[in-house]
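Asks: Numbering (the numbering used here), first residue to last: 13 to 207.
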Amino acid sequence: MKLQEVEPSKAYRLFYPTLAVLLSASFKGEDDVIPVVSHCSLSFDPPLFGVAISPKNYTHKLVKSSGCFAFNIVDVEMAKSIFASGDISARNEKKKLSVVGLELQKARKIHGKTVKGALSVIECGIQQTIQTGDHDLFIARCEQAYASEDFNEYWQFKQYSPALYIGSTGGKVKKHRLAELSRKFSEFPYIHTGR
Ligand SMILES: Cc1cc2nc3c(=O)[nH]c(=O)nc-3n(C[C@H](O)[C@H](O)[C@H](O)COP(=O)(O)O)c2cc1C
13 MKLQEVEPSK AYRLFYPTLA VLLSASFKGE DDVIPVVSHC SLSFDPPLFG
63 VAISPKNYTH KLVKSSGCFA FNIVDVEMAK SIFASGDISA RNEKKKLSVV
113 GLELQKARKI HGKTVKGALS VIECGIQQTI QTGDHDLFIA RCEQAYASED
163 FNEYWQFKQY SPALYIGSTG GKVKKHRLAE LSRKFSEFPY IHTGR
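#1: Tell me which residues share the same chain as Val-63 and place their Cβ nearer than 6 angstroms to its Cβ, disregarding the 5 neighbours each side in the sequence.
#2: How about Ser-93: is its Cβ closer than 6 angstroms to a heavy atom in ligand 2?
#3: In chain order, what residues of the same chain lie with their CB nearer than 7 angstroms to the CB of Pro-29, ignoring the 5 residues before and after it?
#4: Considering Tyr-177, what are the terminal residues of the alpha helix (DSSP H) in which it resides?
#5: Between the segment 67–76 and the segment 158–174, can you find at least three pairs of beta-carbon atoms closer than 8 angstroms?
#6: For Thr-126, count the other beta carbons within 10 Å of its own beta carbon; 16 or more makes it buried, fewer makes it exposed. Which is it?
#7: Taking 6 angstroms as the cut-off, is the beta-carbon of Ile-46 closer than that to any non-hydrogen atom of ligand 1?
#8: Along the alpha helix (DSSP H) that carries Ser-77, what are the first and last residues, could you check?
#9: Any heavy atom of ligand 1 closer than 6 angstroms to the beta-carbon of Tyr-177?
#10: Near Gln-171, which residues of its chain fall below 6 angstroms by C-beta distance, leaving aside the five closest residues on each side in sequence?
#11: Taking the alpha-carbon positions, what's the Glu-89 to Ala-82 distance?
#12: Let me know the secondary structure DSSP gives Gly-62 once reduced to three states.
#13: What distance in whole Å lies between the Cβ atoms of Cys-154 and His-123, which are believed to be in contact at a cut-off of 8 angstroms?
#14: Comparing alpha-carbon positions, which option in Asn-164, Phe-95, Pro-59, Ser-66 lies nearest Asp-146?
#15: If the criterion is Cβ atoms closer than 7 angstroms, does the pair Ala-152 and Cys-136 meet it?
#16: Per DSSP, which residues does Gln-156 bridge with? Please list them.
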């Protein structure tokens, strides 16, 4: 098989589909939520996560100032809110959350808020920030995590249908796309690796 060249600045797209997660951050009465795909698990013990956020995003300011944020994992049913919160900036739209149809509630442990209707939440406190390139990498410790009953050691995909991001088409109006794996996910054949 002949592999075609991929522009290095677009190589991140080879990781898609990636779970689109809503990241919520609050500071001094201001709240913001953005979808993120540049997230990863960095360590089991201690439980560390990484997320790359562009300093151009208003959320970056709230995350940096508060020192905490929450990952909110939502169902694909919330696709409209996922995309809207990724297209609108709180810098220009002071009512961003109501415009994108999201409500927040007090977090359990951190001094922040979480997205109402999320199927799971990972509340994080920042331990380290690394300037990478055009994004900053926030390394954060999971302070508390909780999930709906569909999660039993692993997701069962009986009620949860993940929002898998596959990229956006260009043009004047960006069209974001999610993989349509829908609820059939739980019927996929499992691959047993013996691990
Ligand atoms: C599906 C999706 C995933 C995104 N992932 C990230 C990400 O990982 N990091 C980031 O900095 N921006 C990401 N963005 C872009 C921000 O969500 C977007 O710029 C947002 O409007 C910024 O809003 P704010 O200025 O209110 O923070 C993503 C956008 C979409 C649609």
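Even for Gly, the Cβ is constructed at its ideal location relative to N, Cα and C.
Replies: In terms of the structure at hand:
#1: As a working mapping, residue 63 is identified with position 51 in the sequence shown. Around Val-63: Val-48, His-51, Phe-150.
#2: Ligand 2 is not part of this structure, which contains only ligand 1.
#3: On the sequence shown, position 17 is the one that residue 29 refers to. Closer than 7 angstroms at the Cβ level, and outside the excluded window around Pro-29, lie Leu-176, Tyr-177, Ile-178, Ala-191.
#4: Taking the sequence shown and counting its residues from 1, the one referred to as residue 177 is at position 165. Here Tyr-177 belongs to no alpha helix (DSSP H); instead the beta strand (DSSP E) covers 176–181.
#5: The segment 158–174 is not in contact with the segment 67–76.
#6: Here residue 126 refers to the residue found at position 114 of the sequence shown. Burial call: buried.
#7: Within the sequence shown, the letter at position 34 stands for residue 46. Yes, ligand 1 has a heavy atom inside 6 angstroms of this Cβ.
#8: As a first step, residue 77 must be located in the sequence shown, where it is residue number 65. First-last of the alpha helix (DSSP H) with Ser-77: 70–78.
#9: In the sequence shown, residue 177 corresponds to position 165, counting from 1. True, at least one ligand heavy atom lies under 6 angstroms from that Cβ.
#10: Taking the first residue of the sequence shown as position 1, residue 171 is located at position 159. Its chain contains Asp-162 as the residues whose beta carbon lies nearer than 6 angstroms to that of Gln-171, once the 5 sequence neighbours on both sides are disregarded; these appear in chain order.
#11: As a first step, residue 89 must be located in the sequence shown, where it is residue number 77. As a first step, residue 82 must be located in the sequence shown, where it is residue number 70. So the alpha carbons of these two residues sit roughly 20 angstroms apart.
#12: Locating residue 62 in the sequence shown gives position 50, counting from the first residue. Strand, per DSSP.
#13: Residue numbering aside, residue 123 sits at position 111 when the sequence shown is read from its first letter. Residue numbering aside, residue 154 sits at position 142 when the sequence shown is read from its first letter. Contact doesn't hold; Cβ gap of about 16 angstroms is too wide.
#14: Within the sequence shown, residue 146 is the residue found at index 134, counting from 1. Per the Cα distances, Ser-66.
#15: To locate residue 152, count along the sequence shown from 1; it is residue 140. To locate residue 136, count along the sequence shown from 1; it is residue 124. In this structure, Cys-136 lies closer than 7 angstroms to Ala-152 by Cβ.
#16: The sequence position of residue 156 within the sequence shown is 144, counting from 1. DSSP output for Gln-156 lists Glu-135 as bridge partner(s).
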